[in-house]
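Reminder that position 261 of the sequence shown reads as 261 in the UniProt record's numbering, one-by-one numbering, no gaps. In what follows, a structure is listed as structure tokens, so that the remarks can point back to it.
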Amino acid sequence: MDVPPTPAELLDTARRLDPRFRSDLGRLVDIDSGSHDAEGVTRAAEWAAGAMRADGFEVEVVPTPRCDGKAYGPVVVGRRPGEGSRRIVLFAHLDTVFPVGTAAERPFRIDGGIAFGPGVCDDAAGVAAGLAAARALDHLGYRGYGELVVVLTPDEEVGSPASRAIMARLVTGADAALCLECARENGDLVGARKGVADVLVTVHGRAAHSGVEPERGVNAAVEAARLVLELQELSGSVPGLTLNVGRVAAGSRANIVPDIAELHLEVRSAGLEELVATLDAIDERARRPVVDGARIEVQRLDVCPPLERTATVGLAAIAGEVGASL
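Structure, rendered in structure tokens:
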């Protein structure tokens with residue numbers, strides 16, 4: 001079939017294939033697959049790989065590296081060549097936030113048309129929906145794409161530390177990439193997300209007894225206090241930018257000049273340029289301590305760039321039109 005199926009044809013096919021969708025959903029929900037349960041996520045990955053192979057995909061199970069000493073499950077990549085030119089990527093995640101044993105405590109069930117179970121919405125339904133969509137196109141004989149790629153990651157719930165580089169490589173050059181996370185409760189699609197940076201600022205001073213020789217000390221807490229006030233002023237400096245100093249720690253005893261202080265802060269921004277500029281401003285301030293003898297160290301623990309609306313508005317409009325027609 002060279003002509004794309006109509007939304008009505010797709011909906012009718014999806015309804016006929018719904019029993020398989022529900023079966024896939026239940027199989028995934030009943031597998032414990034918390035992000036740090038590498039064995040459980042691997043079981044979910046093996047199931048998904050088998051399901052995609054059965055549907056005619058060329059499947060690769062890609063091991064992920066250890067991150068901060070922690071092991072994660074693999075990335076599952078399914079490829080189906082088509083007869084057109086455009087490369088389409090569907091991606092979802094296999095991990096959940098639930099501990100081992102939750103699947104046995106709350107197994108999959110459907111009650112009153114509503115599915116229940118750990119991770120049923122986030123993101124077992126996304127995985128099952130991606131497989132179902134590919135299956136529907138196959139049943140209708142449509143191969144008008146150049147390549148259809150389904151990517152399932154093992155660590156989304158903890159920020160994708162092990163799979164991020166693999167994912168970036170797979171989506172590079174795609175004509176369209178659809179994240180199969182659930183929509184909002186009212187059905188709204190997400191076409192933009194703020195970027196977020198997790199930053200640890202450490203102030204190094206010099207300890208001294210505050211009663212005997214306070215002049216020998218370099219008070220890291222005083223420098224940290226100034227930093228809190230100055231950095232917090234960046235929040236709201238441009239529209240859509242927020243900065244929150246969420247944790248402050250310094251010193252060990254009241255009679256000791258603290259030699260170390262920590263600030264743990266988060267920056268969120270709708271635009272990449274503003275996010276980068278704010279992080280650079282934090283670095284610049286760290287190079288100019290106010291307290292003589294203090295030294296400031298900045299660690300960017302994690303930086304996730306924003307999904308800016310300009311890149312997705314056309315695709316979101318198409319999705320909205322198709323959805324409204326059903």
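Glycine is no exception: its CB is placed at the ideal position from the N, C-alpha and C atoms. Predicted, not measured: the structure shown is a model, and the values here were computed from it.
Cβ pair residue i, residue j closer than 8 Å
i: A49; j: V76; result: yes
i: D155; j: A165; result: no
i: P7; j: L326; result: yes
i: G205; j: V196; result: no
i: G126; j: C182; result: yes
i: L263; j: V201; result: yes
i: G234; j: V245; result: The sequence shown places Leu at residue 234, not Gly. Not a contact, by the Cβ cut-off of 8 Å.
i: R79; j: D175; result: no
i: A168; j: L25; result: no
i: G191; j: T312; result: yes
i: L28; j: A177; result: no
Inter-residue Cα distance where the pair is residue i and residue j
i: V212; j: A220; result: 18 Å
i: S269; j: L189; result: 20 Å
i: C304; j: V151; result: 19 Å
i: V62; j: P74; result: 5 Å
i: R193; j: L301; result: 19 Å
i: G173; j: L148; result: 13 Å
i: G265; j: R253; result: At residue 265 the sequence reads Leu, which differs from the Gly that was named. Distance between the alpha carbons of L265 and R253: 24 Å.
i: E60; j: T310; result: 32 Å
i: L307; j: R226; result: 33 Å
i: S85; j: G236; result: 44 Å
i: L279; j: L272; result: 11 Å
i: P118; j: S33; result: 9 Å
i: A319; j: V290; result: 53 Å
i: A134; j: P239; result: 40 Å
i: R143; j: G82; result: 5 Å
i: A294; j: A249; result: 16 Å
i: G112; j: A317; result: 32 Å
i: R22; j: G69; result: 36 Å
i: V322; j: A14; result: 14 Å
Nearest-angstrom Cβ-Cβ length linking residue i and residue j, presumed shorter than 8 Å
i: I282; j: V257; result: With a Cβ gap of about 25 Å, I282 and V257 do not count as contacting.
i: A261; j: A224; result: 4 Å
i: V203; j: I296; result: 5 Å
i: V97; j: E157; result: 5 Å
i: A45; j: L10; result: Between L10 and A45 the Cβ distance is about 28 Å, and since that is not below 8 Å, they are no contact.
Nearest candidate by alpha-carbon position, reference residue i, set the options
i: A38; options: P65, G130 and V291; result: P65
i: L131; options: T312, D55 and R247; result: D55
i: D30; options: A104, G69, G191 and R79; result: A104
i: V100; options: G40, Q232 and R216; result: G40
i: Y145; options: F108, P4, E185 and R288; result: P4
i: A128; options: P306, L17 and S252; result: L17
i: H36; options: L180, C67, A14 and E233; result: C67
i: D12; options: P239, L231 and H139; result: H139
i: L137; options: N255, F57 and E321; result: F57
i: L180; options: L10, A92 and A286; result: A92
i: R20; options: T42, M52, A177 and R43; result: M52
i: R216; options: T312, D292, V276 and Y72; result: D292
i: S210; options: D259, S23 and V276; result: D259
i: A71; options: S160, G323, A177 and G187; result: S160
i: G187; options: A324, A14 and R106; result: A324
i: E274; options: R285, T102, R288 and L241; result: L241
Residue i at chain B interface by Cβ criterion, 8 Å
i: A319; result: Note that chain B does not occur in the displayed structure, where there is just one protein chain.
May I have a chain-ordered list of the alpha helix (DSSP H) segments no shorter than 4 residues that lie completely inside the UniProt domain "Peptidase M28" (76-168)?
102-105 and 125-139
Only counting runs of 4 or more residues, tell me where the alpha helix (DSSP H) segments fall wholly within the region 195-250, in order along the chain.
220-232
Restricting to runs no shorter than 3 residues, where is the beta strand (DSSP E) found entirely within the region 264-318?
295-304
Segments of 3+ residues assigned as beta strand (DSSP E) that fall wholly inside the region 20-77:
58-62
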